[in-house]
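Asker: FYI, the UniProt record's numbering numbers position 74 of the sequence shown as 74, with every residue one higher than the one before it. One structure follows; several queries about it will come next.
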Amino acid sequence: MSLLSSIISNPTGFKPHQPLIILQSSSAQTCYPILRNLISNFRPTTQTLLFCFLHPPSNLTNVDETPNIITFDFTGRIPGYDDLWCGPQDEILARVNSVPPGSLNVIIDSVDTLASDLGSAPKAYKFIRTLLGLVTTRSESSILAFHIQPSPLLELLTQNSLSPTLMHLTAHPPAIITHIASAYFTHPPPAGPAEKFWSVFIPFSERTHESERLVYGPEGNGTSAGAWVSKGTREFVVEILIRGGSKRGVERSVEGWKGDVPCDLQALDSLASIWTRRNAEEARPDPTQNVSFNLNLTPSQEKSRAQVPLPYAHEGNPATTAGAILYDPDSADDIDDDDPDEDLDI
Numbered sequence: 001m002s003l004l005s006s007i008i009s010n011p012t013g014f015k016p017h018q019p020l021i022i023l024q025s026s027s028a029q030t031c032y033p034i035l036r037n038l039i040s041n042f043r044p045t046t047q048t049l050l051f052c053f054l055h056p057p058s059n060l061t062n063v064d065e066t067p068n069i070i071t072f073d074f075t076g077r078i079p080g081y082d083d084l085w086c087g088p089q090d091e092i093l094a095r096v097n098s099v100p101p102g103s104l105n106v107i108i109d110s111v112d113t114l115a116s117d118l119g120s121a122p123k124a125y126k127f128i129r130t131l132l133g134l135v136t137t138r139s140e141s142s143i144l145a146f147h148i149q150p151s152p153l154l155e156l157l158t159q160n161s162l163s164p165t166l167m168h169l170t171a172h173p174p175a176i177i178t179h180i181a182s183a184y185f186t187h188p189p190p191a192g193p194a195e196k197f198w199s200v201f202i203p204f205s206e207r208t209h210e211s212e213r214l215v216y217g218p219e220g221n222g223t224s225a226g227a228w229v230s231k232g233t234r235e236f237v238v239e240i241l242i243r244g245g246s247k248r249g250v251e252r253s254v255e256g257w258k259g260d261v262p263c264d265l266q267a268l269d270s271l272a273s274i275w276t277r278r279n280a281e282e283a284r285p286d287p288t289q290n291v292s293f294n295l296n297l298t299p300s301q302e303k304s305r306a307q308v309p310l311p312y313a314h315e316g317n318p319a320t321t322a323g324a325i326l327y328d329p330d331s332a333d334d335i336d337d338d339d340p341d342e343d344l345d346i
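Spelled out as structure tokens, the structure:
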């Protein structure tokens, strides 16, 4: 089972327990299919509270078929346009505190919209910190998961000071993988070295304008960001970061999403070109094969060649200090010790 499939099927099963899950979208790619799939796989015996600030609950779950999920729609409560507006913090905290002891899932869509309603990122961070404290102190494993887009709040919520353990799932358009493979000759693991791939992928993906250019630019198809693209054509790439897992460090991987389920990157039709090109490169014939002479050296020949003295005129000359200029006169050079201007009456 892939890492992403394990997270979706049993988010509380990781050791140590990961109470905080961040699902990140961008203007070039949505991660809502992951969020919907995660919610649909919650255990029926676990109480789930879904607080919606960006999209209505019906876009994320079927309430009639999931009685264990209680939804709260805040999409119509907009500061400055609602005469009865009041901050949602107290209501959310009261709802969480009212749930009987046991496992609890708290979902917020989206926390950056919540920060806008509260007026600042620090206020939203303080609230999330309080909410996470209520989740982590419950008697059974519980999680706080929220959806977010790139914003100043994201940097605060991924710090160790908030939670030493973290699951961070980021959706990217497949065009990023295609571009890196063609422009930097770098393939994702296991097709290429992991260190090389992440050294290129991380800084590139953090420049959001690059993703937007690849999708919406002259050569892009402009379809990666559709939040409700049909399942049959939906494909994107998921960057997975797990902090404080079994390895007690940071674990990164990249997987695919096709239709409505996780998959390997090789299963994405949008990335078929990079695997074809790589296989063609690996299948190129070796130019040293099938020739009438041997271009390779045996180990003994390599050793013998290394022992051959090089014909340098000044090799071993103690005068070859740093900055010295050594010159060997050519046979045609007219070099003598006489003054060439001795016949001049100066």
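Note that CB positions come from ideal geometry on N, CA and C, so glycine has one too. Just so you know, these numbers come straight off a predicted model, no measurement behind them.
Quick test of your reading: residue 176 and residue 204, contact by CB under 8 Å. State the CB separation rounded to the nearest angstrom.
Answerer: The Cβ separation is near 7 Å, so the contact holds.
Asker: For residue 267, collect the residues of the same chain with a Cβ closer than 8 Å to its Cβ; drop the 5 residues on either side in sequence, then sort them by chain order.
Answerer: Once the five neighbours on either side are set aside, the close Cβ partners of residue 267 are 256 and 258.
Asker: Which residues bound the alpha helix (DSSP H) around residue 181?
Answerer: Where residue 181 is concerned, the enclosing alpha helix (DSSP H) stretches over 175-183.
Asker: Helix, strand or coil, according to DSSP, for residue 225 in the structure here?
Answerer: Reliability of the predicted coordinates at residue 225 is poor, the pLDDT of 44 falling under 50, and no value is obtained from them.
Asker: Decide if residue 78 is buried, meaning its Cβ has at least 16 other Cβ atoms within 10 Å, or exposed.
Answerer: Exposed, by the Cβ-count rule.
Asker: Taking the alpha helix (DSSP H) that residue 271 falls in, what are its first and last residues?
Answerer: Unbroken run through residue 271: none, as it is neither H nor E.
Asker: Going by DSSP, what residue range makes up the beta strand (DSSP E) through residue 172?
Answerer: Unbroken beta strand (DSSP E) run through residue 172: 166-172.
Asker: What's the C-alpha gap between residue 5 and residue 140?
Answerer: Residue 5 and residue 140: Cα-Cα distance of roughly 22 Å.
Asker: Per DSSP, residue 72 forms a beta bridge with which residues?
Answerer: 51.
Asker: If you run the structure through DSSP and keep just helix, strand and coil, what is residue 107?
Answerer: Strand, per DSSP.
Asker: Between the alpha carbons of residue 154 and residue 166, how many angstroms are there, rounded?
Answerer: The alpha-carbon atoms of residue 154 and residue 166 are separated by roughly 13 Å.
Asker: Between which residues of its own chain and residue 8 is the CB-CB distance below 6 Å, once the five residues before and five after are set aside?
Answerer: Cβ neighbours of residue 8 beyond the five flanking positions: 37, 38 and 41.
Asker: In whole angstroms, what is the alpha-carbon distance linking residue 307 and residue 171?
Answerer: Answer to the nearest angstrom: the Cα atoms are 57 Å apart.
Asker: I'd like to know if the segment 92-102 and the segment 46-58 are in contact, where contact means that at least 3 CB-CB pairs between them fall below 8 Å.
Answerer: Flag = yes, the segment 92-102 and the segment 46-58 touch.
Asker: Can you tell me whether residue 67 is buried or exposed? The criterion is at least 16 other CB atoms within 10 Å of its CB, across all chains shown.
Answerer: Its Cβ having fewer than 16 others within 10 Å, residue 67 is exposed.
Asker: Select from 298, 193 and 240 the residue whose C-alpha is nearest the C-alpha of residue 21.
Answerer: The shortest Cα separation from residue 21 among 298, 193 and 240 belongs to 240.
Asker: Can you look up residue 256 in the DSSP assignment and give me helix, strand or coil?
Answerer: Residue 256: strand per DSSP, three-state reduction.
Asker: By how many angstroms is the C-alpha of residue 263 removed from the C-alpha of residue 109?
Answerer: Their Cα atoms are separated by approximately 25 Å.
Asker: Using only the alpha-carbon positions, how far apart do residue 179 and residue 122 sit?
Answerer: Their Cα atoms are separated by approximately 36 Å.
Asker: Closer than 8 Å by C-beta to residue 230: which residues in its own chain qualify, once you throw out the five before and the five after it? Chain order, please.
Answerer: Bear in mind that the predicted position of residue 230 carries a pLDDT of just 48, short of 50, making it unreliable; the figure below should be weighed with that in mind. Around residue 230: no qualifying Cβ.
Asker: Can you tell me the Cα-Cα spacing of residue 182 and residue 152, whole angstroms?
Answerer: So the two alpha carbons sit approximately 32 Å from each other.
Asker: Determine the contact status of residue 88 and residue 64, defining contact as a CB-CB distance below 8 Å.
Answerer: No.
Asker: Using DSSP with H/G/I as helix, E/B as strand and the rest coil, what is residue 94?
Answerer: Residue state, collapsed to three classes: helix.
Asker: For residue 127, which residues from the same chain have a beta carbon less than 6 Å from its beta carbon, with the 5 sequence-adjacent residues on both sides left out?
Answerer: Contacts found: 89.
Asker: What runs of the beta strand (DSSP E), each 3 residues or longer, lie entirely inside the segment 3-50?
Answerer: Fully enclosed beta strand (DSSP E) runs of 3 or longer: 20-24.
Asker: For residue 15, tell me which candidate among 254, 242 and 304 has the shortest Cα-Cα distance.
Answerer: Comparing Cα-Cα distances from residue 15 to each of 254, 242 and 304, the minimum goes to 242.
Asker: Give me the Cα-Cα distance between residue 202 and residue 251, rounded to the nearest whole angstrom.
Answerer: If you take the alpha carbons of residue 202 and residue 251, they lie about 14 Å apart.
Asker: Count the other CB atoms, across all protein chains shown, that sit within 10 Å of the CB of residue 225; report buried if there are 16 or more and exposed otherwise.
Answerer: With a pLDDT of 44 at residue 225, under the threshold of 50, the predicted position of this residue should be treated as unreliable, though the coordinate-derived value follows. With 16 or more other Cβ atoms within 10 Å, it is buried.
Asker: Alpha carbons only, please: which of 211, 174 and 113 is nearest the one belonging to residue 273?
Answerer: The candidate whose alpha carbon is nearest that of residue 273 is 174.
Asker: Do you know offhand how far residue 73's Cα is from residue 53's?
Answerer: Distance between the alpha carbons of residue 73 and residue 53 is about 7 Å.
Asker: For the alpha helix (DSSP H) that contains residue 305, what are its first and last residues?
Answerer: Where residue 305 is concerned, the enclosing alpha helix (DSSP H) stretches over 299-307.
Asker: Let me know if residue 291 comes out buried or exposed under the rule of 16 or more other beta-carbons within 10 Å of its beta-carbon.
Answerer: Residue 291 should be labelled exposed.
Asker: Going by the CB atoms, is the gap between residue 163 and residue 299 shorter than 8 Å?
Answerer: No, these two residues do not count as a Cβ contact at 8 Å.
Asker: Does the Cβ of residue 86 have 16 or more other Cβ atoms within 10 Å, making it buried, or fewer, making it exposed?
Answerer: That one is exposed.
Asker: Where does residue 191 fall in DSSP's three states?
Answerer: The answer is coil: DSSP assigns residue 191 none of H, G, I, E or B.
Asker: Within this structure, are the beta carbons of residue 111 and residue 124 separated by less than 8 Å?
Answerer: It is a contact, given that the beta carbons lie within the stated cut-off.
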